[in-house]
Each structure stands twice: as structure tokens, then as C-alpha cells.
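Trainee: Here it is, the structure in full.
Number of protein chains: 2
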Amino acid sequence: MAIEVPRAVRWHDGAVRIIDQTLLPGEYGEIDLVQVEDVVEAIRSLRVRGAPAIGIAAALGLVASLRPDLRLPPAEFRARLLEYAQRIRETRPTAANLAWALSRLLAIAEAKASASNEELWDALYREATAIHEEDREMCRRIGEHGLKLLHDGATVLTHCNTGALATGGIGTALAPIYLAAERGWHVRVLATETRPLLQGSRLTAWELQRAGLDVTVLTDSAAAAAMDRLGVDLVMVGADRVVANGDVANKIGTYGLAIAARHHGIPFLVAAPSSSFDFSLASGEEISIEERGADELRAGFGCQTAPDDVPVYSAAFDVTPAHLVDAIITEKGIFKPHEISRLRR
Amino acid sequence: MAIEVPRAVRWHDGAVRIIDQTLLPGEYGEIDLVQVEDVVEAIRSLRVRGAPAIGIAAALGLVASLRPDLRLPPAEFRARLLEYAQRIRETRPTAANLAWALSRLLAIAEAKASASNEELWDALYREATAIHEEDREMCRRIGEHGLKLLHDGATVLTHCNTGALATGGIGTALAPIYLAAERGWHVRVLATETRPLLQGSRLTAWELQRAGLDVTVLTDSAAAAAMDRLGVDLVMVGADRVVANGDVANKIGTYGLAIAARHHGIPFLVAAPSSSFDFSLASGEEISIEERGADELRAGFGCQTAPDDVPVYSAAFDVTPAHLVDAIITEKGIFKPHEISRLRR
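See below:
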């Protein structure tokens with residue numbers, strides 16, 4: 002059975018066309034990002050989100066936003082490139098792919114120090130498109146490797162959204178599930194809603210249901226009871242950053258799921274492309290954790306869900322130590338956390 | 002320092018006056034429950050909630066709703082009593098205090114088999130008022146026992162709402178915290194928001210802030226990260242039902258907190274009056290777990306938070322096994338879970 006997945010981000014007529022994920026699941030809408038302000042706003046407001054999709058949107062967005070500057074003197078054009086890259090990079094400090102994708106474009110600029118604006122822009126466009134294409138391919142490879150850990154009839158618990166909406170292809174942690182469905186296997190997915198922004202109930206449930214898969218939504222806090230009562234075979238999540246010792250930064254709540262999975266003897270698997278790996282950090286303690294605005298907790302959905310001025314702890318990510326991770330599924334194969342240093346170039 | 006707490010439920014001019022907790026924290030409003038339909042609706046819609054407060058509202062509500070029936074023939078009056086008690090009992094299957102409070106009133110009726118309607122009603126009113134008074138006293142005793150486990154400067158993580166809004170007094174798991182504040186101690190409270198109905202962020206944060214205490218709200222899924230990073234000294238929660246072997250049914254999410262607390266070596270304490278104890282059940286496996294409506298997850302706050310027709314796992318409670326509970330704080334003292342059978346009458 003062929004699986005149809007949404008396209009979170011793509012190049013369209015000189016702009017970056019994205020699905021505005023803040024509207025889902027009630028509404029479906031696409032918007033075009035043309036200027037650097039559009040790109041910054043879309044990433045910061047999570048209209049486009051998911052570490053790989055952010056990387057693609059950042060790369061394509063940098064290229065799109067440079068188009069009006071092609072007639073500037075070369076030095077000014079290159080200054081704009083650096084300025085825009087910096088502004089885009091600052092939007093989300095934890096997602097490794099964002100900095101990685103922008104670095105790839107800046108490396109092109111360095112390599113083409115004497116190119117004309119047009120030549121440089123063409124090269125940047127090709128590199129950004131390549132990042133997108135590679136991501137699509139990486140998703141499929143992660144899916145193929147992860148499929149070895151699944152079986153017909155499996156129940157998988159997942160967190161946040163790590164599917165087509167988070168990537169340039171069929172996702173990271175959802176990729177094996179899509180490939181299982183392609184094979185005709187029945188896999189039951191338990192999707193935690195993922196407060197505060199509900200990427201699980203709004204996005205994962207939407208894209209899996211749209212593709213005809215079996216998905217059940219639960220509150221984040223019901224995950225431990227689900228492991229106890231619903232027969233969970235494995236927990237599979239994505240990653241925003243994996244550091245040298247195998248510690249994993251991912252959506253807030255991942256750490257608690259890893260502890261609960263270990264308590265129940267359920268394998269805890271992380272699916273992430275190697276572009277999420279950051280060997281410059283020795284351990285999770287060094288990862289900078291983004292704090293989101295307090296109103297995501299106090300008034301996230303147009304109604305007051307906490308007292309106006311109550312203090313909140315609003316870390317967007319947590320760090321799961323390597324010893325709670327049973328395996329990391331990458332496009333290059335399945336690794337134990339302590340083995341990922343092999344992927345270091 | 003004297004602490005001022007809200008009154009969740011009280012007798013007022015022939016009716017049961019409750020704070021409508023579905024309006025908090027944005028609005029404060031009280032409503033009067035006069036007929037049995039009012040009582041059933043208020044409990045089912047969680048306008049009044051928290052196991053002890055439900056017991057009090059049920060008892061006072063049964064008495065209020067019988068007033069118009071005083072002129073019926075005695076046999077019919079007693080038939081109404083049984084009918085109303087049954088209708089109120091069916092509203093929430095997991096809260097032990099509900100059945101317990103109603104049983105106390107039915108026992109009065111049995112003991113006064115030959116009393117007139119007026120005599121019986123007076124006796125029922127006195128019993129319901131006694132249930133309320135005893136609860137207020139129980140809260141204070143739980144607070145005094147629990148205070149021994151606290152210290153000035155402690156950080157306590159709690160779940161759901163177990164304060165004045167959940168009881169007839171200063172709460173169960175929040176009672177020691179209120180008494181600590183009375184002593185002038187500084188206790189920092191971390192309140193999980195408690196999806197789907199946000200009793201933590203809406204109610205616990207509201208009543209603690211109103212009383213001048215230090216409270217920080219976090220998503221349920223941030224609790225494990227908070228234990229790792231914020232220096233949590235103990236986790237203190239309430240209970241809807243504690244069974245003979247010490248297993249505890251409480252708000253969904255409690256089980257995951259207990260697992261995470263054990264992982265971090267943080268004491269996990271349950272505060273509950275002995276009216277929440279159900280020695281008729283040998284273990285947690287026998288507890289009937291209420292499932293709430295799917296729309297609490299799919300559209301809980303007037304906006305769509307999941308696809309319309311997506312299946313949900315909506316258990317309102319989970320069961321924490323006794324081996325994860327370090328102690329149970331009751332009005333009669335602090336017990337290890339395996340010791341509670343001593344409280345059996």
C-alpha cells in the first residue's frame with residue numbers, strides 16, 4: 002500500500018512554501034516565506050518545526066530571502082548572507098540541524114569567494130535543495146533500519162511529532178511505522194499529546210490518520226499507565242540534538258518516557274539523522290536548553306489555563322542520558338549510544 | 002502568618018453552595034445545588050471535584066435534594082433517599098469518599114427505621130455536616146503529620162489539586178504546605194498542570210498564589226526534568242482510593258511521577274484521609290478506573306486540539322503500586338503502604 006504524506010516544506014516559485022502547522026488539525030493552510038523576517042517568524046512561531054524541517058526551511062529560506070539582494074555589490078551581498086544566516090540561526094538554540102544547514106551554506110560561500118552574486122546564489126540554491134533531497138533520503142533509510150525493530154501487530158508509543166511534518170520526507174521516528182504500513186503490517190501508534198504545543202495530538206495524530214494508520218492519542222501523563230496496561234512494545238522518539246556521549250536532547254517529556262520505559266522493560270529508541278549529532282559537546286550537561294514563553298502554559302489556546310502572572314518552568318527540551326537509550330536509529334544504521342562516535346568524521 | 006483558603010463546598014440556606022471550579026482561574030463564581038440533578042451535574046462536570054470535597058458535596062447534596070420530598074409518605078421519602086443516593090454514587094466510580102459518605106447517610110436511615118421524615122432529615126443533615134466537620138479536622142491532622150516531613154526551604158512537587166478546593170478544609174497533600182507557611186517557612190511548590198483538565202495550573206496555582214505561597218507551574222511532562230534540574234526534595238500527591246495492599250489510585254500521571262521520583266531517589270508521599278481507604282479491594286488491579294469523555298483531549302478548551310474522530314486513551318486515574326510509595330500520610334499518622342491494614346476497623 003502506498004503511503005501519502007504531507008509536504009511540510011518545499012521550494013515553490015522563488016519562495017519557501019510551508020504548511021502552517023499552527024493551524025492544524027482544525028485547518029489546513031500553506032504560506033510562502035519570502036523575506037528573512039518571514040523565515041524567522043515562521044520558525045520562531047513553530048509554523049514550521051521539527052529539527053530536520055527547520056534545517057531545510059532555514060536553508061531554503063536563506064536562499065529565498067537573498068534574491069532581492071542580488072543587485073547589491075558583492076561585498077554587501079555576502080554581508081547580507083552572513084546577517085540573514087545569523088538571524089535565522091538565533092531562532093531555536095537547541096535544534097542541531099538549524100546550525101548545521103546554515104553552516105553548509107556558509108561553507109559554500111567561503112569556497113566560492115570570488116564567485117559573482119548570481120553564481121553564488123545558484124550554488125546556495127543547489128546546496129539548499131541538496132539538503133532537502135538528502136533529508137528525504139535519510140528519512141527513508143532511517144525507516145528501513147528502524148523497520149528491523151518492528152513487527153506486524155506492534156504497539157509503538159511516540160512523543161511529539163517526528164513524521165512528515167517534521168522533516169523533508171517520511172519522518173524520523175515515524176519513518177519505520179510508515180514503511181511498516183507500506184508492507185501491509187498493522188502497527189498501533191500511541192501518540193502522547195505533547196504539551197504545551199500539542200504536536201502529538203495536533204500533528205502526529207493528523208498525519209497518521211490522514212495516511213490511514215491506527216493512532217490513539219493520550220495525555221503525556223498517561224504514558225506510564227499505557228505502558229503498564231496497553232501492551233507497549235517499544236517507545237520511539239526523535240531528537241533535536243545527540244551529543245558525543247550519546248545523551249539526547251529532545252522535546253520536554255522525553256526523559257520521563259525513557260525512565261518509564263526502562264521501569265517497564267520496554268526498549269527506548271531514538272531515531273535521528275546524523276545531522277542531529279553534535280560531537281562538539283561531550284555530554285548532555287553542555288546542551289543549551291531553550292525556554293519558551295510563559296504564555297504557552299498560561300494561555301496557550303486562547304483561554305486562560307493558569308493564573309495570569311504565575312511563574313512557569315517552560316523548558317522546551319530535556320536531556321535523556323545515554324544509559325536510558327537502548328539504541329539510536331540513524332540513516333547509517335542502528336547504534337548503541339556509546340557507539341555513535343564512530344559516525345564522527 | 003494566618004493562611005486564608007477558599008471554601009470549595011458548604012451548606013448555605015438549604016442548598017449546597019460550591020465554587021464552580023470549571024470557571025477558575027479566569028473567573029470566580031459560586032453556585033447553589035438544590036435538586037439531585039444539580040448535584041449530579043456538578044460532580045460529573047467537575048464543578049466540585051477532589052475526593053473529599055465530592056464526598057461532602059454528595060452528602061450535603063443528598064440532604065438538600067430531599068427537602069422538597071419531606072411531605073411524601075415515609076416509604077416514598079425513603080425510596081427517594083435510596084434513589085438519589087444511587088444517582089449521586091454513579092457519577093464518579095473511582096473516588097472512594099463518594100460511596101463512603103453516602104453509605105454513612107444510608108446507615109443513619111437504617112438505624113432510624115421508624116423515624117418521621119423530619120426526624121430522619123434532621124439526622125441526615127447532622128451526619129452530612131459532621132462529615133464536613135470531620136474532613137476539615139482530618140485535613141489539619143494530615144497537615145500536622147505531613148509537616149514532619151517538610152523543612153524550611155523545601156521544594157515539593159505535586160500533581161492535580163489536593164488543596165482547599167479538593168476538600169472541606171486545607172487539603173490533603175497541600176495541607177502540610179499550608180501549615181509550613183503558617184509557621185513562616187518558605188516552601189516552593191512545583192505544580193504540574195495535570196492534563197486534561199488542568200487542575201494543577203488552574204486550581205492549585207490559583208489557591209496557593211491567593212494564599213501568598215511560592216508556586217511554579219510546569220507541564221506534566223516536565224516533571225522528570227524538574228526532578229533532575231530543580232532540586233525537588235519530595236513529591237506529595239493525594240489519592241482517590243487506597244486499597245488493602247497499599248496500592249494507590251490517583252489522577253492520571255501519578256504513576257509516572259512515582260516512577261520518576263524513585264529513579265531520582267526522591268521520596269514519593271501520598272496524603273489521604275482514611276475515608277479514601279478501601280479494604281474491600283485486595284490490590285490495585287481490582288480498582289475500577291473511570292474513563293472520561295474523549296473530547297476532554299480532543300477539544301478540551303474550546304479549540305480543536307486533536308483530529309475530530311481520533312481515538313483517545315482517556316483513563317482519569319492510574320494505579321501506583323505500593324512498592325513505589327514511600328509513605329502514606331493520614332489523619333492518624335504516617336504509615337508505610339504495607340502498614341495501612343492497621344487502620345482497618
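Line by line, the protein sequences give chains A and B. Just add 1 to the spot in the first sequence (first one is 1) and you have my numbering. Just add 1 to the spot in the second sequence (first one is 1) and you have my numbering. We treat Cβ as the ideally placed atom computed from N, Cα and C, and that holds for glycine. Being a predicted model, the structure only gives us computed values, none of them experimental.
For Phe269 of chain A, write down the residues that DSSP places opposite it in a beta bridge.
Mentor: Here residue 269 of chain A refers to the residue found at position 268 of the first sequence. Its beta-bridge partners are A:Val236.
Trainee: Return helix, strand or coil for Asn246 of chain B, following the three-state DSSP convention.
Mentor: As a position in the second sequence, residue 246 of chain B is number 245, starting the count at 1. The answer is coil: DSSP assigns Asn246 of chain B none of H, G, I, E or B.
Trainee: Spatial neighbours of His13 of chain B within its chain, please: CB distance less than 7 Å, with the 5 preceding and 5 following residues excluded, ordered by chain position.
Mentor: Mapped onto the second sequence, residue 13 of chain B falls at position 12. Excluding sequence neighbours, His13 of chain B sits near Asp33.
Trainee: Given that a residue counts as buried once 16 or more other Cβ atoms are within 10 Å of its Cβ, and exposed if not, what is Ser281 of chain B?
Mentor: Within the second sequence, residue 281 of chain B is the residue found at index 280, counting from 1. The residue is exposed, with fewer than 16 neighbouring Cβ atoms inside 10 Å.
Trainee: Do Ala60 of chain A and Ala102 of chain A come within 7 Å of each other at the CB atom, strictly closer than that value?
Mentor: Taking the first sequence and counting its residues from 1, the one referred to as residue 102 of chain A is at position 101. Taking the first sequence and counting its residues from 1, the one referred to as residue 60 of chain A is at position 59. Yes, the pair counts as a contact, with Cβ atoms nearer than the cut-off.
Trainee: Between Ala227 of chain A and Ala295 of chain A, what straight-line distance do the alpha-carbon atoms span, to the nearest angstrom?
Mentor: Walking along the first sequence from the start, residue 227 of chain A turns up at place 226. Walking along the first sequence from the start, residue 295 of chain A turns up at place 294. Taking the straight line from one Cα to the other gives about 29 Å.
Trainee: Counting only Cβ-Cβ distances shorter than 8 Å, please list the residues of the region 196-212 of chain A near chain B, keeping chain order.
Mentor: Here the close residues are Arg196, Pro197, Leu199, Ser202, Arg203, Ala206, Trp207 and Gln210.
Trainee: Below 8 Å, how does it come out for the region 43-52 of chain A and the region 63-70 of chain A: are there three or more Cβ pairs, yes or no?
Mentor: Contact fails: fewer than three Cβ-Cβ distances are below 8 Å.
Trainee: Could you tell me which whole beta strand (DSSP E) segments of length 3 or greater appear in the region 299-340 of chain B?
Mentor: Complete beta strand (DSSP E) runs here, min 3: 318-321, 328-331 and 334-336.
Trainee: Report the option in A:Ile19, A:Pro177, A:Leu107 and A:Glu194 whose CA atom is closest to the CA atom of Glu128 of chain A.
Mentor: Numbered from its first residue, the first sequence carries residue 128 of chain A at position 127. Selected option, being the one with the closest Cα: A:Leu107.
Trainee: Could you tell me whether the Cβ atoms of Val243 of chain A and Phe278 of chain A are closer together than 7 Å?
Mentor: Within the first sequence, the letter at position 242 stands for residue 243 of chain A. Within the first sequence, the letter at position 277 stands for residue 278 of chain A. Against a cut-off of 7 Å, the Cβ pair of Phe278 of chain A and Val243 of chain A comes out as a contact.
Trainee: Name the chain B residues whose beta carbon is nearer than 8 Å to that of Ile288 of chain A?
Mentor: Within the first sequence, the letter at position 287 stands for residue 288 of chain A. Result: empty, since nearest Cβ-Cβ is about 12 Å, beyond 8 Å.
Trainee: Under 6 Å from any heavy atom of the ligand GDP, does the C-beta of Arg141 of chain A make it?
Mentor: Here there are no bound small molecules, and the ligand GDP is not part of this structure.
Trainee: Going by DSSP, name the residue or residues bridged to Trp12 of chain B.
Mentor: Here residue 12 of chain B is taken as the residue at index 11 of the second sequence, counted from 1. Beta-bridge pairing links Trp12 of chain B to B:Val17.
Trainee: Which residues mark the beginning and the end of the beta strand (DSSP E) in which Val157 of chain B is found?
Mentor: Taking the second sequence and counting its residues from 1, the one referred to as residue 157 of chain B is at position 156. Residues Thr156 to Thr159.
Trainee: Alpha carbon to alpha carbon, what distance is there between Arg90 of chain B and Ala76 of chain B?
Mentor: By one-based count along the second sequence, residue 76 of chain B stands at place 75. By one-based count along the second sequence, residue 90 of chain B stands at place 89. Looking at the two C-alpha atoms, the distance is approximately 21 Å.
Trainee: If you measure beta-carbon to beta-carbon, which residues of the region 280-311 of chain B are closer than 7 Å to chain A?
Mentor: So the list reads Leu298, Phe302, Gly303, Cys304, Gln305, Thr306, Ala307, Pro308 and Val311, given in the order they occur along the chain.
Trainee: Does DSSP classify Thr195 of chain B as helix, strand or coil?
Mentor: The residue given as residue 195 of chain B occupies position 194 in the second sequence. DSSP places Thr195 of chain B in coil when its eight states are reduced to three.
Trainee: Would you give the residue range spanned by the alpha helix (DSSP H) that Val35 of chain B belongs to?
Mentor: For this step, residue 35 of chain B is matched to residue 34 along the second sequence. That residue, Val35 of chain B, is in no alpha helix (DSSP H); it is neither H nor E in DSSP.
Trainee: Between which two residues does the beta strand (DSSP E) harbouring Asp241 of chain A extend?
Mentor: Position 240 of the first sequence, counted from the first residue, corresponds to residue 241 of chain A. Premise fails: Asp241 of chain A is in no beta strand (DSSP E) and is neither H nor E.
Trainee: Would you kindly report the start and end of the unbroken beta strand (DSSP E) that includes Leu219 of chain B?
Mentor: Numbered from 1 along the second sequence, position 218 holds the residue referred to as residue 219 of chain B. Note, Leu219 of chain B: beta strand (DSSP E), Asp215 to Leu219.
Trainee: Which class does Phe280 of chain A belong to by DSSP, given the choice of helix, strand or coil?
Mentor: Residue mapping note: residue 280 of chain A aligns to position 279 of the first sequence, counting from 1. Looking at Phe280 of chain A - three-state DSSP - the assignment turns out to be coil, as it is neither helix nor strand.
Trainee: Cβ of Gly172 of chain A within 7 Å of Cβ of Gly164 of chain A?
Mentor: Within the first sequence, the letter at position 171 stands for residue 172 of chain A. Within the first sequence, the letter at position 163 stands for residue 164 of chain A. Yes.
Trainee: If we define contact as Cβ-Cβ less than 7 Å, is Val64 of chain B a contact residue for chain A?
Mentor: The residue given as residue 64 of chain B occupies position 63 in the second sequence. So, not an interface residue.
Trainee: Could you compute how far the alpha carbon of Ile341 of chain B sits from the alpha carbon of Ala97 of chain B?
Mentor: If you number the second sequence from 1, residue 341 of chain B lands on position 340. If you number the second sequence from 1, residue 97 of chain B lands on position 96. Roughly 16 Å between the two C-alpha positions.
Trainee: Check the C-beta distance from Leu151 of chain A over to Leu191 of chain A and give it rounded, since I have them as a contact under 8 Å.
Mentor: Translated into positions along the first sequence, residue 151 of chain A becomes position 150. Translated into positions along the first sequence, residue 191 of chain A becomes position 190. Going by Cβ atoms, the distance from Leu151 of chain A to Leu191 of chain A rounds to 14 Å, so no, they are not a contact pair.
Trainee: Spatial neighbours of Ser202 of chain B within its chain, please: C-beta separation below 6 Å, excluding the five flanking residues on both sides.
Mentor: On the second sequence, position 201 is the one that residue 202 of chain B refers to. So the qualifying residues of the chain are Glu194 and Val218.
Trainee: If you draw a straight line from the alpha carbon of Ala261 of chain B to that of Asp310 of chain B, how long is it in whole angstroms?
Mentor: Residue mapping note: residue 261 of chain B aligns to position 260 of the second sequence, counting from 1. Residue mapping note: residue 310 of chain B aligns to position 309 of the second sequence, counting from 1. If I take the Cα positions, the gap works out to 32 Å.
Trainee: Mark Glu332 of chain B as exposed unless 16 or more other C-beta atoms lie within 10 angstroms of its C-beta, in which case mark it buried.
Mentor: Counting from one through the second sequence, the residue named residue 332 of chain B turns up at place 331. Buried.
Trainee: Counting only beta-carbon separations shorter than 7 Å, does Ala316 of chain B have a partner in chain A?
Mentor: The count along the second sequence starts at 1 and reaches residue 316 of chain B at position 315. True, the Cβ-Cβ gap to chain A drops below 7 Å.
Trainee: Would the beta-carbon of Ala223 of chain A fall within 7 Å of that of Val216 of chain A?
Mentor: By one-based count along the first sequence, residue 223 of chain A stands at place 222. By one-based count along the first sequence, residue 216 of chain A stands at place 215. The answer is no: Cβ separation not under 7 Å.
Trainee: Near Leu71 of chain A, what residues of its chain come up, given a Cβ to Cβ distance below 8 Å and the 5 sequence neighbours on each side ignored?
Mentor: For the purposes of this step, residue 71 of chain A is identified with residue 70 of the first sequence, where counting begins at 1. Cβ neighbours of Leu71 of chain A beyond the five flanking positions: Phe78, Asn118, Glu119 and Trp122.
Trainee: Around the C-beta of Lys337 of chain B, are 16 or more other C-beta atoms found within 10 angstroms, so that it is buried, or is it exposed?
Mentor: By 1-based counting over the second sequence, the position of residue 337 of chain B is 336. Result: exposed.
Trainee: Just checking: is the beta-carbon of Gly172 of chain B within a distance shorter than 7 Å of some beta-carbon in chain A?
Mentor: What you label residue 172 of chain B is simply residue 171 of the second sequence in a count that begins at 1. Taking Cβ atoms only, chain A never reaches closer than 7 Å to Gly172 of chain B, which makes this a no.
Trainee: Taking the Cβ atom as the reference point for each residue, do Gly247 of chain A and His339 of chain A lie within a distance shorter than 7 Å?
Mentor: If you number the first sequence from 1, residue 247 of chain A lands on position 246. If you number the first sequence from 1, residue 339 of chain A lands on position 338. Cβ distance < 7 Å, so Gly247 of chain A and His339 of chain A count as in contact.
Trainee: Does DSSP classify Glu287 of chain B as helix, strand or coil?
Mentor: Locating residue 287 of chain B in the second sequence gives position 286, counting from the first residue. Of the three classes helix, strand and coil, the one that applies to Glu287 of chain B here is helix, per DSSP.
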